[in-house]
Amino acid sequence: MSVLVTGGAGYIGSHMTYALLERGEDVVVLDNLSTGSRSLVAEKAAFVEGDVGDRDLVVRLIDEHRVDAVIHFAGSIVVPDSVSDPLTYYANNTVNSRSLIEATVQGGVGNFIFSSTATVYAGQSAEPLIETMQTGPMSPYGRSKLMTEWMLEDAARAHGLRSVVLRYFNVAGADPKGRTGQISPRATHLIKRASQAALGRIPHLDIFGTDYPTADGTGVRDYIHVSDLVSAHALALNYLRAGGESTVMNCGYGHGASVREVIAATERVTGHVLPVREGPRRAGDPPWLIAESSRIRALLGWQPEHDDLEEIVRTAWQWESRLNAS
Ligand code: UDP
5 MSVLVTGGAG
15 YIGSHMTYAL
25 LERGEDVVVL
35 DNLSTGSRSL
45 VAEKAAFVEG
55 DVGDRDLVVR
65 LIDEHRVDAV
75 IHFAGSIVVP
85 DSVSDPLTYY
95 ANNTVNSRSL
105 IEATVQGGVG
115 NFIFSSTATV
125 YAGQSAEPLI
135 ETMQTGPMSP
145 YGRSKLMTEW
155 MLEDAARAHG
165 LRSVVLRYFN
175 VAGADPKGRT
185 GQISPRATHL
195 IKRASQAALG
205 RIPHLDIFGT
215 DYPTADGTGV
225 RDYIHVSDLV
235 SAHALALNYL
245 RAGGESTVMN
255 CGYGHGASVR
265 EVIAATERVT
275 GHVLPVREGP
285 RRAGDPPWLI
295 AESSRIRALL
305 GWQPEHDDLE
315 EIVRTAWQWE
325 SRLNAS
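Every number in my numbering is 4 more than the matching position in the sequence shown, counting from 1.
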């Protein structure tokens, strides 16, 4: 039996692969290396370069590796890019996921874990977002993910494919053992950019908006360490294998930090004063995104181990420093 990890050469998928191997699972990574890197894939995993949308390939992999669960990370993730190039986002995220779900059903696999996003919610308030709240994504990225959630809901009803949809809040940090992290040189995420600014790799860190209705005027996000996110997937896998019903769960700690708080934490951790430039809001950014996380804690018994902004920043910084040195 093995687990098929799509996007396993990417940021989160590569962490997941290490965690699965550590608990004795066999892992097949499927990745087209469009943004990921072969160097991030753990040696013990079987690696296949290919597209998630290649249905025949996926059916063959399921058969050859006796796959009993699919964890689907592969996709495009940059919100502003999805605004300027929506059709690529629908192709990579929605159309390819449709094909993967079809192959999964065809291959007789009953367990599916899907990387969704907090941006599927319509909410615009400081209150934590609850899974039962109304959805209404602000971006094509969010829509492309929500459509996949709907396909999974329908596939559960029609074909008995049970799934756990995990709605990620702001995933950050890197493997505490230093084996993997975010590599994209044009990364847009705040904590990675802050580390790059501390290292002098970028001339300044932009603050996108200082006039939000938040306590200090900057955007507030629920930053979750990638290792805690990965442990949520591992528990979701146990849950599905034990026969758990399809469900949707938030992945966040339940509290947020502002852009200015992230900058202050980065300055404390790195000992560098960041070159900061205040600018206008970025299109599509809500003021707050904070998870209500009681469902995942209750249903999966999830207990985060890295719920500390400085620790998140420290692991991101250590990884970035290593990249900088290589
Ligand atoms: N942000 C910022 N400067 C940057 C990158 C991000 O001020 O260089 C802000 C962004 O407006 C948001 C928060 O940081 O309020 C987190 O953004 P990120 O891109 O990390 O994740 P998102 O919430 O967009 O998924």
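The beta-carbon is built from N, C-alpha and C at its ideal position, and this holds for glycine as well.
Beta-carbon spacing of residue i, residue j below 8 Å
{"i": "F173", "j": "A269", "result": "no"}
{"i": "E315", "j": "H229", "result": "yes"}
{"i": "L244", "j": "N115", "result": "yes"}
{"i": "A13", "j": "A178", "result": "no"}
{"i": "V109", "j": "L165", "result": "yes"}
{"i": "V280", "j": "H208", "result": "yes"}
{"i": "S120", "j": "K149", "result": "yes"}
{"i": "V32", "j": "L8", "result": "yes"}
{"i": "E53", "j": "N36", "result": "yes"}
{"i": "Q200", "j": "E309", "result": "no"}
{"i": "R225", "j": "G260", "result": "yes"}
{"i": "Y15", "j": "Q186", "result": "yes"}
{"i": "L241", "j": "I117", "result": "yes"}
{"i": "A191", "j": "Y227", "result": "no"}
{"i": "V113", "j": "V74", "result": "yes"}
{"i": "P84", "j": "R286", "result": "yes"}
When the options are compared against residue i, the one with the closest alpha-carbon
{"i": "L170", "options": "Y125, D60, W323, L34", "result": "Y125"}
{"i": "E131", "options": "I267, W321, S297, D312", "result": "S297"}
{"i": "I267", "options": "T222, L241, G140", "result": "T222"}
{"i": "G182", "options": "V82, S330, R326", "result": "R326"}
{"i": "S231", "options": "G275, D89, M20, S6", "result": "M20"}
{"i": "S250", "options": "Y227, A160, H259, E282", "result": "A160"}
{"i": "I211", "options": "D220, A122, C255", "result": "D220"}
{"i": "R264", "options": "V277, Y257, C255", "result": "V277"}
{"i": "A107", "options": "P84, V56, P284, T123", "result": "V56"}
{"i": "A95", "options": "I134, R147, I117", "result": "R147"}
{"i": "G275", "options": "S6, Q186, V317", "result": "V317"}
{"i": "P144", "options": "V113, Y93, M155", "result": "Y93"}
{"i": "D158", "options": "S43, Q138, A49, I105", "result": "I105"}
{"i": "D58", "options": "A50, L24, L25, T10", "result": "T10"}
{"i": "E29", "options": "A122, G112, S6", "result": "S6"}
{"i": "G256", "options": "E153, T123, K196", "result": "T123"}
{"i": "E271", "options": "T218, R197, Q307", "result": "R197"}
{"i": "S262", "options": "I206, R205, I195", "result": "I195"}
Between the CA atoms of residue j and residue i - distance to the nearest angstrom
{"i": "S86", "j": "R301", "result": "31 Å"}
{"i": "P141", "j": "G288", "result": "9 Å"}
{"i": "A78", "j": "G40", "result": "9 Å"}
{"i": "G305", "j": "M253", "result": "12 Å"}
{"i": "N97", "j": "D312", "result": "31 Å"}
{"i": "V63", "j": "R70", "result": "10 Å"}
{"i": "G247", "j": "P189", "result": "41 Å"}
{"i": "G283", "j": "L203", "result": "21 Å"}
{"i": "Y216", "j": "V99", "result": "35 Å"}
{"i": "V273", "j": "S101", "result": "39 Å"}
{"i": "S88", "j": "I81", "result": "13 Å"}
{"i": "S18", "j": "L91", "result": "27 Å"}
{"i": "E26", "j": "A49", "result": "11 Å"}
{"i": "E135", "j": "L61", "result": "34 Å"}
{"i": "E153", "j": "Q138", "result": "14 Å"}
{"i": "G258", "j": "M151", "result": "25 Å"}
Please determine if the stretch 229-245 and the stretch 277-293 are in contact, where contact requires at least 3 C-beta pairs separated by less than 8 Å. no
Can you give, in chain order, each stretch of the alpha helix (DSSP H) that sits fully within the stretch 241-281 and has at least 4 residues? 263-274
Suppose only complete runs of 3+ residues qualify. What are the beta strand (DSSP E) ranges in the stretch 115-196, listed by chain order? 115-121, 166-172, 174-176
Give the list of continuous alpha helix (DSSP H) stretches no shorter than 4 residues that lie fully inside the stretch 50-110. 59-68, 83-88, 90-93, 100-110
Enumerate, from N- to C-terminal direction, the unbroken beta strand (DSSP E) stretches of 3 or more residues contained entirely within the stretch 19-44. 30-35
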